[in-house]
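Quick note on numbering that gives the first Met the number 0: the sequence shown kicks off at 0 and runs consecutively.
Ideal placement from N, C-alpha and C gives every residue a C-beta, glycine not left out.
Report on one structure; see the data block that follows.
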Amino acid sequence: MHGVTPPSAGGQSCDFYDCSQELCLLCSRPPLLPPERPSLAGLQLLPAVLRARFWGAMTEVKREVFGQMPQEERGGMVEKFILKSDSVKVEILSLGCIIAALEMKGRDGECSDVVLGFDTLEGYTRKHPFFGAVVGRVANRIAKGRFTVDGKEYQLFLNNGPNSLHGGARGFDKVLWSPQVLPNGVCFFRLSPDGEEGYPGDLKVWVTYTLSGRELAINYRAQTSKTTPINLTNHAYFNLAGQGSRDIYDHEISIEADSYLPVDDTKIPTGEVAAVQGTGFDLRQPVILGKHLQKFHLDGFDHNFCLPQGQARRLAARACHPPTGRAMEVHTTQPGIQFYTGNNLDGSLKGKGAIAYPKHSAFCLETQNWPDAINKPHFPNTLLRPGEEYNHTTWLLFSTA
0 MHGVTPPSAG GQSCDFYDCS QELCLLCSRP PLLPPERPSL AGLQLLPAVL
50 RARFWGAMTE VKREVFGQMP QEERGGMVEK FILKSDSVKV EILSLGCIIA
100 ALEMKGRDGE CSDVVLGFDT LEGYTRKHPF FGAVVGRVAN RIAKGRFTVD
150 GKEYQLFLNN GPNSLHGGAR GFDKVLWSPQ VLPNGVCFFR LSPDGEEGYP
200 GDLKVWVTYT LSGRELAINY RAQTSKTTPI NLTNHAYFNL AGQGSRDIYD
250 HEISIEADSY LPVDDTKIPT GEVAAVQGTG FDLRQPVILG KHLQKFHLDG
300 FDHNFCLPQG QARRLAARAC HPPTGRAMEV HTTQPGIQFY TGNNLDGSLK
350 GKGAIAYPKH SAFCLETQNW PDAINKPHFP NTLLRPGEEY NHTTWLLFST
400 A
């Protein structure tokens, strides 16, 4: 909150900012970053329901209590934030910045929830495959959980065989974030302390979700006190037929990438940047997923696809479910996107409505830097240094075909 008095505000101070925008959404002044530790009193003063019109689209924001963390998880209240437009409704938790539900219309006008997850907090406090969460400090894998920065070697906790995955044993997905309601979304903040999971530096992180019409934007910002690797993404699992549908074989997928990263047996990139031309990884033209996997004798995808370099927004991928007409596009400023087809889902996890989630019952399109970039100098830079700001945005655009 920067407390200025906009001419149209009737003498009241402006109480809103958006971490993902150049200017304050209400008074057009440069925003300050949100408070690092908002007081409970300050949170209680915020309205439970906000409605705002942006770019011709009305967005409604609600907040509710979702549950209480168990004492063994350090306690704390988990809130749910509901962002609703004419086309899309998204539910986001203060635990792990989790996208817990996302409803969109099909061709028949009926809404369905298209992301996997749980009905209650209890499901998210148990072991699960990062459903809907923001993962970090470094998303994806770091080989042997080891890297060197400025001549000093760091060893991370190993939580994926011989490697570190998605930030370690207690990554960003498992902690409570401090929320701040915005007119068209919510901004979450946390301070990742120096040494957390073995990473150097106090890292301040802001994750902002904003909804405008059919588009959900996710902005990631961070600042550090010491040089550290960073790579943030959201790990939502999608099934455009509706969560709980048995598989994704009838989905149509395309990815705007001329190359991909082959991996070893532990899913670490070999270092080769391979052309997709003439391989089962050529998804530049839309393919029906089930037929494509069968044609190329693939067990599924869990690979990084290399996008054009640069900070500009660009189309990365598109998914469509022809039977319902539901479609989504992924746009990003990131240099890579991990396409994962839920290969490790095995039906043992029961999600919303006590429905089991079997293998290939969802897909992920995780925008990111390239995996293990900290150990491969020819990959895009993943280091954040003091005085710099990490700033990336991903846009999910939902439609009916």
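Per DSSP, Leu181 is not a residue of any alpha helix (DSSP H); the beta strand (DSSP E) it occupies stretches across 177–181. A straight-line Cα-Cα distance of about 47 Å links Leu383 and Asp107. Remark: C-beta atoms of Gly144 and Ser163 approach each other more closely than 8 Å. Exposed is the label assigned to Asn343, since fewer than 16 other Cβ atoms lie within 10 Å of its Cβ. Comparing alpha-carbon positions, the option among Cys305, Ser253, Lys266, Pro192 lying closest to Val272 turns out to be Cys305. Asn303 places its beta carbon 8 Å or farther from that of Trp394. By the Cβ criterion, the segment 249–264 is in contact with the segment 279–298, since at least three pairs of Cβ atoms, one from each stretch, lie closer than 8 Å.
If only uninterrupted alpha helix (DSSP H) runs of at least 4 residues are considered, none is enclosed by the segment 306–393. Cβ neighbours of Tyr248 within its own chain (closer than 6 Å, five residues either side excluded): Leu288, Gly289. Using a Cβ-Cβ distance cut-off of 8 Å, the segment 115–133 and the segment 215–235 are in contact, since at least three pairs of beta carbons, one from each stretch, lie closer than that value. For Thr124, the enclosing alpha helix (DSSP H) covers residues 120–124.
Remark: C-beta atoms of Leu210 and Gly75 do not approach each other more closely than 8 Å. In the displayed model, Phe171 falls within a helix according to three-state DSSP.
Taking 8 Å as the cut-off, the beta carbon of Glu78 is found closer than this to the beta carbon of Pro178.
Excluding sequence positions up to five before and after Val206, its CB lies within less than 6 Å of the CB of Cys96, Val133, Phe187, Tyr219, all in the same chain and listed in chain order. Nearest Cα to Gly135 within the set Gln70, Ser398, Tyr389, Thr399: Tyr389. The beta carbon of Phe80 is closer than 6 Å to those of Arg62, Ile91, Val185 in its chain, skipping five residues each way along the sequence.
Per DSSP, reduced to three states, the secondary structure at Gly135 is coil, with no helix or strand assignment.
Note that the C-beta distance between Phe338 and Phe378 is not below 8 Å. Taking a cut-off of 8 Å for Cβ pairs, the segment 114–125 and the segment 346–363 touch, as three or more such pairs fall below it.
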